[in-house]
Amino acid sequence: MKRILILVLSSVFLSACSNSDDNPKIDSELSGTWMLTNISCFCGFDPETNFNDFSLNFKNSENSVLVQNPREDYFYIANSGNYNYTVTDGTLKINGSDDFKYTVDGDILTLTRIDDPQIADDELDLTYKKI
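Numbering follows the working numbering, with no gaps: position 106 of the sequence shown is 179.
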């Protein structure tokens, strides 16, 4: 009887364990295409820059984001391409990029790069509009 009880309890405890990385969180508000509308940073950019040429396309079903930039040598998040991403407690992590705090307010997405206290003037706020 003791063995059966131990086996039952062991199986209950083992089946209750899961790896949270197996099912990454998805924020349905991110789904879709977002066009850059504003940048706030201590970084230089050409005054003729058309922010609309920068976009993000989140594909929640694939947990991926397509980053599109006007030129390969000019980007704020990552080079143009498809990247996997994860969402944890209001933080967006795009593989191969910095981490960003994010908020979605209707059709406005704001990304704020998480500041590295070792680097002066690395603040970056990006504002996107859903299209």
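Heads up, the beta-carbon is just placed ideally off N, CA and C, and yes, glycines get one too.
For residue i, three-class secondary structure by DSSP
i	result
residue 126	helix
residue 137	strand
residue 101	helix
residue 154	strand
residue 131	strand
residue 202	strand
residue 149	coil
residue 168	coil
residue 116	coil
residue 96	With a pLDDT of only 49 at residue 96, under the threshold of 50, the placement of this residue in the model should not be trusted, and no figure is reported.
residue 111	strand
Whole-angstrom C-beta distance between residue j and residue i, which should lie under 8 Å
i	j	result
residue 172	residue 187	5 Å
residue 100	residue 160	5 Å
residue 205	residue 201	The question about residue 205 has no answer here: the residues shown for the chain are numbered 74 through 204.
residue 137	residue 157	6 Å
Under 8 Å between C-beta atoms of residue i and residue j
i	j	result
residue 102	residue 177	yes
residue 133	residue 109	no
residue 142	residue 127	yes
residue 182	residue 166	no
residue 180	residue 114	no
Host beta strand (DSSP E) of residue i (start-end)
i	result
residue 173	172 to 178
residue 187	From DSSP, residue 187 is part of no beta strand (DSSP E); its letter is neither H nor E.
Residue i CB to nearest heavy atom of the ligand PLP below 7 Å
i	result
residue 154	What this structure holds is no ligand at all, so the ligand PLP is not there to describe.
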